[in-house]
Amino acid sequence: MGGSRFQSALLMASAMVCLLPCAYAGDLKIKLPKRSSATPVQQLNRQGVQQLKRHHLEKARKLFLKAYLLDPDDPFTLNNLGYISELEGDADRALRYYELSSQKHSQAIIDQASRPELKGRPFEEAFASLQVPELQSNKANLQAISLLGKWRIAEAEAVLKQALAGDPHNPFTLNNMGYVMEQEGDLESALRYYSSAASSQSSDAILVTPNPKWRGRSISEVAEENARAVNKEIAKGEDLDAQIARLNLRGVAAINHNDAEAALKFFQEAYKLDPRNAFCINNMGYVAEMEGDRETAQSYYQEARKAGDADRKVTYATRRNAEGLRMKEVAQDNQVDVSARMAAIEATRRRGGAPMPQLKHRDNTPVLEPEVKQAPPLENVTPPALPTAELPNRPEQPPPAAKPPQQPGDVIPPLPESQQPAAGKNPSQQPSPAAQPSQQPPHAKTPSGPPAQPPQQPQSQSTPDVIPPLPESQQPPAAKTPPQQPPPPPERR
């Protein structure tokens, strides 16, 4: 805007230097150059600033756009368009214009500005002054609001925390931080930030805000209203659905802050309130997956897909690509991921490249198996004498007699002489009667008289181990006595 005026001042200084050595000439005349007129781009920017002072936002925007069409690289035009976007509440566009403007190097002097302290300063020096904590906070609030518009709550929280570290009493940053805490379900922290913003008693109007209802109102008024609403919600309590949703939000926020222990506590509390809630079941599966129990996680995801409220959309998640999807779709994606990971681990284990899984406690510490200690050997101890091994008293059995070769015709051969029955033995081989009393029991012996003959018993009882001879009708044909045939009659001649 003020580049031509700066150049004119330099030309005027050079002309006066030239006049000093020529003062004695008297006939020398020098015409000083007139102030150069503003370029069309500068005129349009000046007219737009004047319209903004009259609160004609639409007219100012059209003038700045005309200047942009004439010179898209003019840093003043880009900065003014960013300011218009900020007033319209478009944080993303405002940040883009400000970034483009800061990349353009210019030594032009600022002729008019919305901030009086920037008037008359070089353009680059004015952007260097943005390192002031107050201006840094304004830039951080723009970035946070842009992230909140994309539902990137965790990133917006990180930007606001960094801004509060440099400017802890900025009411806009405190109010936006309370809004972030409320979106994450931390009502106590939200109340604390809202109360701090309201206590600043700032009358500055809100231009860029995540809530369109706040635009144009005083920041202290909006913060005080938010604090009363949160305090009333805490005092009256929440119904079951609201309480479950808040616990799930706090659990997701804890995971985004890498606080797995707090997330597990919130998810477990929500699951106890409603074990059939699809969001609670899915979150329990996520916790099981984080702990390495993929089988349990897979069962939770499968159950979440079948829950009654599985068609509800996800508004806040650890992964941005899951936001906006239905709960059963998110659970199905999680189940597919777990199945693929389990299959990959199993394939690696089969190839022998992965170690065996280790048993762990609930706190993820490994289970140490007890060491089996062997007892030390006994010294100077004499073992007891063992009794002599005795074989059982078994009667000796004679070896089986060799079977004689069978004769043709299935003829049973006669028994040997030693196995013949008593009736069939030779009388000359029978013992004498005098030797028989010695084989009789004592009560059967008589001192005088001839020895009594024992009664004859059947052959099968007297010699049980002897096979009796077959009767005549069962004898084989070769052993039978051929019947006597009459002699053949004499031949007649």
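Here numbering that gives the first Met the number 0 is used: the first residue of the sequence shown is 0, the next is one more, and so on. Ideal Cβ placement from N, Cα and C applies to all residues, glycine included.
Problem set entry | Bridge partners - residue 217, DSSP secondary structure assignment | Beta-bridge pairing by DSSP links residue 217 to 204.
Problem set entry | Distance CB(residue 303)-CB(residue 277) smaller than 8 Å | In this structure, residue 277 lies closer than 8 Å to residue 303 by Cβ.
Exercise. With burial defined as no fewer than 16 other Cβ atoms inside 10 Å of the residue's Cβ, what is the status of residue 466: buried or exposed?
Worked result: Burial state of residue 466 is exposed, judged by a 10 Å Cβ sphere holding fewer than 16 other Cβ atoms.
Exercise. Does residue 139 come within less than 8 Å of chain D when only Cβ atoms are used?
Worked result: Absent from the structure is chain D; it holds one protein chain and no more.
Problem set entry | Beta carbon of residue 247 nearer than 8 Å to that of residue 177 | no
Exercise. What does DSSP give as the partner residues of residue 365 in its beta bridges?
Worked result: 359
Problem set entry | Same chain only: Cβ atoms within 6 Å of residue 227, ignoring 5 sequence neighbours per side | none
For this session: Determine the direct distance from the alpha carbon of residue 65 to that of residue 54, and round the result to whole angstroms.
Result: The alpha-carbon of residue 54 is positioned some 19 Å away from that of residue 65.
Exercise. Which residues in the same chain as residue 275 place their Cβ atom closer than 8 Å to its Cβ, once the five residues preceding and following it in sequence are excluded?
Worked result: 306, 307
Problem set entry | Start and end residues, alpha helix (DSSP H) containing residue 381 | That residue, residue 381, is in no alpha helix (DSSP H); it is neither H nor E in DSSP.
Problem set entry | Helix, strand or coil at residue 325 [DSSP, three-state] | strand
For this session: Take residue 200 and list the residues in its own chain whose beta-carbon comes closer than 7 Å to its own, dropping the five residues that flank it on each side.
Result: 219
For this session: Give the secondary structure of residue 166 by DSSP, where H, G and I count as helix, E and B as strand, and everything else as coil.
Result: coil
Exercise. Expressed to the nearest angstrom, what Euclidean distance is found between the alpha-carbon atoms of residue 152 and residue 361?
Worked result: 30 Å
For this session: Report yes or no: do three or more beta-carbon pairs, one from the region 253-272 and one from the region 201-215, lie closer than 8 Å?
Result: no
For this session: On a CA-only basis, which of 365, 41, 280, 292 is nearest residue 300? Give me that one, please.
Result: 280
For this session: Identify the continuous alpha helix (DSSP H) that holds residue 76 and give its terminal residues.
Result: 74-86
Exercise. Between 147, 187, 135, which lies nearest to residue 165 when the distance is taken from Cα to Cα?
Worked result: 135
For this session: Let me know the secondary structure DSSP gives residue 281 once reduced to three states.
Result: helix
For this session: Would you kindly report the start and end of the unbroken alpha helix (DSSP H) that includes residue 191?
Result: 186-197
Exercise. Roughly how many whole angstroms lie between the Cα atoms of residue 460 and residue 468?
Worked result: Confidence is the limiting factor: at residue 460 the pLDDT is only 47, short of 50, which leaves the residue's position unreliable and the question unanswerable from this model.
For this session: Kindly indicate which three-state DSSP category residue 38 falls into: helix, strand or coil?
Result: coil
Exercise. Among 71, 86, 415, 366, which residue has its Cα nearest to the Cα of residue 102?
Worked result: 71
Exercise. I think residue 190 touches residue 229, with their Cβ atoms under 8 Å apart; what is that distance to the nearest whole Å?
Worked result: 5 Å
Exercise. Among 48, 38, 261, which one has its Cα closest to the Cα of residue 185?
Worked result: 261
For this session: Would you mind giving the Cβ-Cβ distance between residue 50 and residue 37, rounded to the nearest angstrom? I have them listed as a contact below 8 Å.
Result: Actually they do not touch by this definition, with Cβ atoms about 16 Å apart.
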